[in-house]
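**Q**
Number of protein chains: 2
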Amino acid sequence: MNIQQLEYILAVDQFKSFSKAADYCHVTQATLSAMVKKLEEQLDIVIFDRKANPIATTENGREILIQAQQVVAHANALLSSSKAINQKVEGRVKIGVIPTIASSMLPLIMKYLVEKYPLLYLEIYEVTTNQLIKDLRSGKLDVGILSTPIASTEVETELLYVEDLYLYGHLTTGEKKLQKSALSQQRMFLLQEGHCLRDQIIQLCDLKKQKSLPANLSVESNTFDTLLNLVDEFSGLTVLPALYLDQMSEARKSHLIDLTDGALTREVSLAYYRPYAKWNILNRLKEEIAAKVNERLKS
Amino acid sequence: MNIQQLEYILAVDQFKSFSKAADYCHVTQATLSAMVKKLEEQLDIVIFDRKANPIATTENGREILIQAQQVVAHANALLSSSKAINQKVEGRVKIGVIPTIASSMLPLIMKYLVEKYPLLYLEIYEVTTNQLIKDLRSGKLDVGILSTPIASTEVETELLYVEDLYLYGHLTTGEKKLQKSALSQQRMFLLQEGHCLRDQIIQLCDLKKQKSLPANLSVESNTFDTLLNLVDEFSGLTVLPALYLDQMSEARKSHLIDLTDGALTREVSLAYYRPYAKWNILNRLKEEIAAKVNERLKS
DNA sequence: ATTTGGCATAGATAAAATCTATATAGGTGA
DNA sequence: TCACCTATATAGATTTTATCTATGCCAAAT
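Residue numbers (our numbering), protein chains in the order written: chain A, 1 to 299; chain B, 1001 to 1299.
1. With H, G and I counted as helix, E and B as strand and the rest as coil, what does DSSP make of L1243(B)?
2. Can you give, in chain order, each stretch of the beta strand (DSSP E) that sits fully within the segment 89-114 of chain A and has at least 3 residues?
3. Does V231(A) come out as helix, strand or coil in the three-state DSSP assignment?
4. From the beta carbon of Q1067(B), is the nearest beta carbon of chain A less than 8 angstroms away?
5. Measure from the alpha carbon of E1163(B) to the alpha carbon of each residue in S1104(B), I1095(B), Q1069(B), then state which is nearest.
6. Just tell me which of L1078(B), K1298(B), L1240(B) has its CA closest to the CA of Q67(A).
7. For chain B, find out if any of its Cβ atoms is closer than 8 angstroms to the Cβ of E156(A); answer yes or no.
8. Out of curiosity, what's the CA-to-CA distance linking G1096(B) and Q70(A)?
9. Helix, strand or coil for V1293(B), going by three-state DSSP, please let me know.
10. Could you tell me which residues DSSP puts in a beta bridge with T157(A)?
11. Taking Cβ positions only, does Q1200(B) come closer than 8 angstroms to chain A?
12. If we count the other Cβ atoms within 10 Å of its Cβ and call it buried at 16 or more, is V1012(B) buried or exposed?
13. Just the chain B side, please: which residues come within less than 7 angstroms of Y276(A) by C-beta, in chain order?
14. Taking only beta-carbon atoms, is Y8(A) less than 8 angstroms away from chain B?
15. Provide the residue span of the beta strand (DSSP E) that contains L146(A), from first to last.
16. Given this structure, state the Cα-to-Cα distance separating K1083(B) from E1090(B), to the nearest angstrom.
17. If you drop the 5 nearest sequence neighbours on each side, which residues of the same chain put their C-beta closer than 7 angstroms to that of K253(A)?
18. Quick one: grab the DSSP three-state call for I1124(B).
19. If you drop the 5 nearest sequence neighbours on each side, which residues of the same chain put their C-beta closer than 7 angstroms to that of K1180(B)?
20. Give the DSSP-derived three-state secondary structure of T129(A) in the structure shown.
21. For a cutoff of 8 angstroms on Cβ pairs, would you count K209(A) as touching chain B?
22. Helix, strand or coil for G1169(B), going by three-state DSSP, please let me know.
23. From the beta carbon of E63(A), is the nearest beta carbon of chain B less than 8 angstroms away?
24. Do you know how far the Cα of M1035(B) is from the Cα of N1002(B)?
25. Shorter than 8 angstroms from the beta carbon of H1074(B) to some beta carbon of chain A?
26. Should K1278(B) go down as buried or exposed, given a rule of 16 or more other Cβ atoms within 10 Å for buried?
27. In angstroms with no decimal places, state the Cα-to-Cα distance between L32(A) and L159(A).
28. Using C-beta distances below 6 angstroms, list every residue in its chain close to P1099(B), excluding the 5 sequence neighbours before and after it, in chain order.
29. Would you mind reading off the limits of the beta strand (DSSP E) that contains I257(A)?
30. Are the beta-carbon atoms belonging to L243(A) and V293(A) less than 8 angstroms from one another?
31. With distances taken between CB atoms, is the gap from R274(A) to D1049(B) smaller than 8 angstroms?
32. Here's the rule I'm using: 16 or more other beta-carbon atoms within 10 Å means buried, otherwise exposed. How should T1238(B) be labelled?
33. Would you call D142(A) buried or exposed, if buried means 16 or more other Cβ atoms sit within 10 Å of its Cβ?
34. In chain A, what lies closer than 8 angstroms to L1079(B) by C-beta?
35. Determine, using beta carbons only, whether V114(A) and G169(A) come nearer to each other than 8 angstroms.
36. Tell me which residue opens and which closes the alpha helix (DSSP H) that N222(A) is part of.
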């Protein structure tokens, strides 16, 4: 017995005709006849009196049909539920975000999201990449937003957007341009140890023997704001993600420096450990963030 | 989506393990995995979090499982119903019986049946073969009991039992034995026109130019009882079905005459026009009658 | 680092559903 | 009563689906 066979007998009962029922079910009359017969044999009950004109449902068949109706109705309910579930964006989601993304991207997206999805409770945690991966695995977080690639193979990532990185600062020459190769000669102000953007920049710029701060001053900033103050005061360079520019004054924007040969970029991705725990919500978040950010980055 | 797939996910939810669920469902783990995956793809909902240990049901999956339970429960209810229906012997059945069977077989079976099946209402109509076939076709009767073979192709018959026919009467020679070929020489008392047993005997005994009653007396009986009285009075022969002997006095039984070469028999069968209208009841009647009569005929 | 338990996947096989074409039965009108 | 018409049943071929065996892969535990 299967649901399809039940649908077949419901159709025959409704149309009082095998051929009309077959049309309705989008199968040939031969198929429908065979399936009805098979069901009747399995149940050991003859459901239809084919000699009657129009076809009649037997007494036993009537009882079977009532139950068949139930089964099919519930099956259809299940299918509609599954569609409804996929539409639904509600509930609590714990999101871990690394600081450099939190300070640059979140302002752009959060207000929009909470207004569009009033039934969605977003809990945002600002954590480092390493902590984020741990928390994903332990289940403390449902999803992370971080910069890829990452070493972990256990955590899956999906690219949200690719963001340009901008140089900011004061060159001794007073120029507004710089070659990539010259980067390693510059005094570069970086975020604290643990920020992945720091590591990325060190790698990108090949900053091993970099000139840094005066020896009597050691500052490692946690925020771009502090970093910018340092750069302004001590004269040097730092690196900012594109989305952070939204928060900068026009005066400071004039201190952005172009790289003459290509650009620095970073990937920002969603990271899951259990991709499907809150699939519909996370999938929607992914779409919304990607759309909103890419629209912003184009302008 | 099909019922089996729903049973699979119910098992996984129950056992928190694909392989245990597979054992439970008597399929391999590979099959169950594939089917669960297929269902998840069709619903576009991931039901199980396979990374959890033990396996966890996702939030969405939980909602699906609740509905799956419903569907499966109703499907099982349908299957049990079908079994119950096949057991059930109740309701009203209109049975047509030809007179020679009514007077011989019914007394044996009726009391037994109505006591064994108190919910069964048997309506018995005594009608001729021709009328019986008409009434079956028109739906006035659900089933008939008659002597086969019959000419009609529209009515289906199922053999109930084969019954010996006995000769009864008084031979002029005083003997208790007769050859078949001598039958046509005897004065034979028959039932009225319309009784099929009459026609059968005429055919069996090749009674064309038979000696019958004195010309000034024309009696055609409707009942064996009358027939026997005629035979006793006018001296001659008649033919009785085996089951009628139950109702005969011992005195009369001594006037039974053996055929020296073989026996006369008739087939008694159930006749349906719509074989499945009351299948379970009719099928049970068939079994009961055949069993009871054959048991009687053997003794 | 290696083993182990458990799910996924690939490829082959078996089972079931479906189709086309045709037979057959029941009803209808000449 | 015969031929015709309509509707269901059946046979055989084809496609789809379910299932199995064998193996890969991953994460947890030793």
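C-beta atoms are modelled at their ideal positions from N, C-alpha and C, and glycine is treated no differently.
Here the structure is a predicted model, which means the values were calculated and not measured.
**A** The structure says:
1. In the second sequence, counting from the first residue as 1, residue 1243(B) sits at position 243. Three-state DSSP puts L1243(B) in a helix.
2. 91-97
3. Here the question's residue 231(A) lines up with position 231 in the first sequence. Three-state result, V231(A): helix.
4. The residue given as residue 1067(B) occupies position 67 in the second sequence. Cβ-Cβ to chain A under 8 angstroms: yes for Q1067(B).
5. Along the second sequence, read from residue 1 onward, the residue named residue 1163(B) stands at position 163. Looking at the Cα atoms, S1104(B) is the closest of the given residues.
6. Along the first sequence, read from residue 1 onward, the residue named residue 67(A) stands at position 67. Closest by alpha carbon: L1078(B).
7. The count along the first sequence starts at 1 and reaches residue 156(A) at position 156. Taking Cβ atoms only, chain B never reaches closer than 8 angstroms to E156(A), which makes this a no.
8. In the second sequence, counting from the first residue as 1, residue 1096(B) sits at position 96. In the first sequence, counting from the first residue as 1, residue 70(A) sits at position 70. Cα to Cα, G1096(B) sits roughly 38 angstroms from Q70(A).
9. Within the second sequence, numbered from 1, the residue matching residue 1293(B) stands at position 293. Looking at V1293(B) - three-state DSSP - the assignment turns out to be helix.
10. Along the first sequence, one-based indexing puts residue 157(A) at 157. For T157(A), which the question treats as bridged, DSSP gives the partners A271(A).
11. Counting from one through the second sequence, the residue named residue 1200(B) turns up at place 200. Taking Cβ atoms only, chain A never reaches closer than 8 angstroms to Q1200(B), which makes this a no.
12. In the second sequence, counting from the first residue as 1, residue 1012(B) sits at position 12. Classification for V1012(B): buried.
13. The count along the first sequence starts at 1 and reaches residue 276(A) at position 276. Within 7 angstroms Cβ-Cβ: V1046, D1049, T1058.
14. Here residue 8(A) refers to the residue found at position 8 when the first sequence is read from its first residue. Output row for Y8(A): interface = no.
15. Locating residue 146(A) in the first sequence gives position 146, counting from the first residue. Counting along the chain, the beta strand (DSSP E) containing L146(A) begins and ends at 143-148.
16. In the second sequence, the residue the question calls residue 1083(B) occupies position 83. In the second sequence, the residue the question calls residue 1090(B) occupies position 90. Our two residues, K1083(B) and E1090(B), have alpha carbons roughly 15 angstroms apart in a direct line.
17. Mapped onto the first sequence, residue 253(A) falls at position 253. Closer than 7 angstroms at Cβ, skipping near neighbours: L245.
18. Along the second sequence, read from residue 1 onward, the residue named residue 1124(B) stands at position 124. The answer is strand: DSSP assigns I1124(B) an E or B state.
19. Sequence index remark: in the second sequence, residue 1180(B) carries index 180 (1-based). The answer, listed in chain order, is L1259, D1261, G1262.
20. As a working note, residue 129(A) is residue 129 in the first sequence. Note: T129(A) maps to helix in three-state DSSP.
21. For the purposes of this step, residue 209(A) is taken as residue 209 along the first sequence, with counting starting at 1. Confidence is the limiting factor: at K209(A) the pLDDT is only 48, short of 50, which leaves the residue's position unreliable, though a coordinate-based value still follows. Output row for K209(A): interface = no.
22. Against the second sequence, residue 1169(B) aligns to sequence position 169. G1169(B): strand per DSSP, three-state reduction.
23. The residue labelled residue 63(A) in the question sits at position 63 within the first sequence. So, interface residue.
24. Residue 1002(B) sits at position 2 when you count from the first residue of the second sequence. Residue 1035(B) sits at position 35 when you count from the first residue of the second sequence. Distance between the alpha carbons of N1002(B) and M1035(B): 10 angstroms.
25. Indexing the second sequence from 1 puts residue 1074(B) at position 74. Output row for H1074(B): interface = yes.
26. For the purposes of this step, residue 1278(B) is identified with residue 278 of the second sequence, where counting begins at 1. Classification of K1278(B): buried, given that the 10 Å Cβ count is 16 or more.
27. Position 32 of the first sequence, counted from the first residue, corresponds to residue 32(A). Position 159 of the first sequence, counted from the first residue, corresponds to residue 159(A). Distance between the alpha carbons of L32(A) and L159(A) is about 49 angstroms.
28. Along the second sequence, one-based indexing puts residue 1099(B) at 99. Hits under 6 angstroms: E1126.
29. Within the first sequence, residue 257(A) is the residue found at index 257, counting from 1. Looking at the DSSP string, the run of the beta strand (DSSP E) that includes I257(A) is 256-259.
30. By 1-based counting over the first sequence, the position of residue 243(A) is 243. By 1-based counting over the first sequence, the position of residue 293(A) is 293. A contact, by the Cβ cut-off of 8 angstroms.
31. By 1-based counting over the first sequence, the position of residue 274(A) is 274. By 1-based counting over the second sequence, the position of residue 1049(B) is 49. Yes; because the gap between Cβ atoms is below 8 angstroms, this pair is in contact.
32. Along the second sequence, one-based indexing puts residue 1238(B) at 238. T1238(B) comes out buried.
33. Sequence index remark: in the first sequence, residue 142(A) carries index 142 (1-based). Buried, since its Cβ has 16 or more Cβ neighbours within 10 Å.
34. As a working mapping, residue 1079(B) is identified with position 79 in the second sequence. In chain order, M1, L43 make up the part of chain A whose C-beta sits under 8 angstroms from the C-beta of L1079(B).
35. In the first sequence, residue 114(A) corresponds to position 114, counting from 1. In the first sequence, residue 169(A) corresponds to position 169, counting from 1. No.
36. The sequence position of residue 222(A) within the first sequence is 222, counting from 1. Unbroken run through N222(A): none, as it is neither H nor E.
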